[in-house]
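Down below is the structure, laid out as C-alpha cells.
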Amino acid sequence: MAIFFEILVNVILPIFILIGLGGYLHRKFLFDMNTLSKLNTYLLMPAVSFTNIYENKIGGETLLHILGFLIIQSLILIVLSGGIARVAKFDRGVSSVFKNSVVLVNSGNFGLPVSQLVFQHNPLGASIQIVVMIYQNLLTYTYGLFNSVSIDKTKGKALNGFLKNPVIYAFLLGLLLHTLHIKIPSFLWEPIKNSSNAFLAVALITLGAQSAFLQLKQFSLPLLMSLLGRLILSPAVALLIIFVLKLDGVTAQALFIASSFPTSRNSALFALEYDNHPEYAAQVVLMSTIFSMVTVTTVIYLSTILF
Numbered sequence: 043m044a045i046f047f048e049i050l051v052n053v054i055l056p057i058f059i060l061i062g063l064g065g066y067l068h069r070k071f072l073f074d075m076n077t078l079s080k081l082n083t084y085l086l087m088p089a090v091s092f093t094n095i096y097e098n099k100i101g102g103e104t105l106l107h108i109l110g111f112l113i114i115q116s117l118i119l120i121v122l123s124g125g126i127a128r129v130a131k132f133d134r135g136v137s138s139v140f141k142n143s144v145v146l147v148n149s150g151n152f153g154l155p156v157s158q159l160v161f162q163h164n165p166l167g168a169s170i171q172i173v174v175m176i177y178q179n180l181l182t183y184t185y186g187l188f189n190s191v192s193i194d195k196t197k198g199k200a201l202n203g204f205l206k207n208p209v210i211y212a213f214l215l216g217l218l219l220h221t222l223h224i225k226i227p228s229f230l231w232e233p234i235k236n237s238s239n240a241f242l243a244v245a246l247i248t249l250g251a252q253s254a255f256l257q258l259k260q261f262s263l264p265l266l267m268s269l270l271g272r273l274i275l276s277p278a279v280a281l282l283i284i285f286v287l288k289l290d291g292v293t294a295q296a297l298f299i300a301s302s303f304p305t306s307r308n309s310a311l312f313a314l315e316y317d318n319h320p321e322y323a324a325q326v327v328l329m330s331t332i333f334s335m336v337t338v339t340t341v342i343y344l345s346t347i348l349f
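Going by the numbering used here, the sequence shown opens with residue 43, and the numbers climb by one from there.
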C-alpha cells in the first residue's frame, strides 16, 4: 500500500496539479486554445517523438511484440464495445460516441507525460509509449473518424488528417538517424531537446485548459458504460493479452499502463464537429481523466508487482 501512495503522490499528483493549473489559468485569462493545440501538435509532441526514438533503441522483436499487442487489443475493444452498444440498445449516434470513447486513448497529452515520469530511469518505457501514440493516431484517423461519419464522405479527409500529423514524420526521421548512427550537431540538438523537455508541462496545462469549462449535467448509462469500458475493461483486456503473448519486463509494464489512460479528446472533437452528442463525448473525456487518477495509479502499482 505504501508503494501505491508513493505512485499516487510522485507520479499522478504532479500530473493533476498541472492539469488543474491549466484549467484555472484558462478560466482566468482565456487562452487561445487553437494556438496551444498547434504548439503541442506541430512542435512539442514531434520533438518528444524524435528525441525518444533517436536516443533509445527498440529492438525489432520488441517492436513486433508492441504492434502485435496493439492490433489485438484494439480489435478486441472494437468488438466488445460494439457488442455492449447493441446489448444496451444505444441509438446509432450514442453508439458511435460510446465506441470511440472506449477504443481511442489519450496517449499524447496524458499518456506521454505519465510514461515520462514512470520510466524516467528507463527510457525504453517512454519509447514504447511513442509507438503507442503513433498507433493511436493511426487508429483515430481511420476507425475513429470513420466511426463518426460515413466512410464515403470522410475517406480522403481521414487519410489527409493522418498524413498531416508531424509526429509520424518526426518518429521516422528519428528512427532513420538512429539506425544510420548520424550525430546531430549541437546547434540543432539543443533546441530539439529543449522543446522536448517543455512538452510535459505545456501538454498537461493544455489538457487542463480543454477541461476548464466542461460540466457534468447527468451521470447517464452511456457515460457510466464509457468509463467502465475505458478505465476497467481496457486494462483487463490488455493484461490478458500480455499473459497470452508472454510479454514481460518493461515492455509488459509500458503496454499495461498505456491501456489504462483516459479517453482521447479526439473523441469529443469528432462528436463536436459532426454534432453527434457532443456533451456526452466531452463528459466522458472529463470524467475519465478525473477517475484515471485512481485507476491509472492502480495499474502502475499492479505493473510493479506483476512485471
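Don't be surprised by glycine CBs; every beta carbon is placed ideally from N, CA and C. Nothing here was measured: the structure is a model prediction, and the numbers come from that model.
- According to the DSSP assignment, Leu85 belongs to no alpha helix (DSSP H), since it is labelled neither H nor E.
- Beyond the five residues adjoining it in sequence on each side, Ser334 comes within less than 8 Å, by CB distance, of Phe152, Leu273, Ser302, Phe303, Pro304 in the same chain, given in chain order.
- Taken in chain order, the complete alpha helix (DSSP H) segments of 4 or more residues contained in the region 169-252 are 187-190, 193-205, 208-221, 228-252.
- Linking Val90 to Tyr211 through their CA atoms gives a straight-line distance of about 12 Å.
- Not a single unbroken stretch of the beta strand (DSSP E) spanning 3 or more residues falls wholly within the region 245-331.
- In this structure the region 170-186 lies against the region 100-119, because at least three pairs of beta carbons, one per stretch, are closer than 8 Å.
- Judged by DSSP secondary structure, Ile118 falls within the alpha helix (DSSP H) whose first and last residues are 102-129.
- With respect to Ser138, Ser190 sits close: the two C-beta atoms are nearer than 9 Å.
- Close CB contacts of Gly62 within its chain, under the 8 Å cut and outside five residues either way in sequence, are with Gly250 (chain order).
- Val341 is bridged by DSSP to nothing; it lacks a bridge partner.
- Take Val338, set aside five residues on each side of it, and the residues of its chain with a beta-carbon closer than 6 Å to its own are Ser302, in chain order.
- C-alpha of Val53 to C-alpha of Ser228: approximately 31 Å in a straight line.
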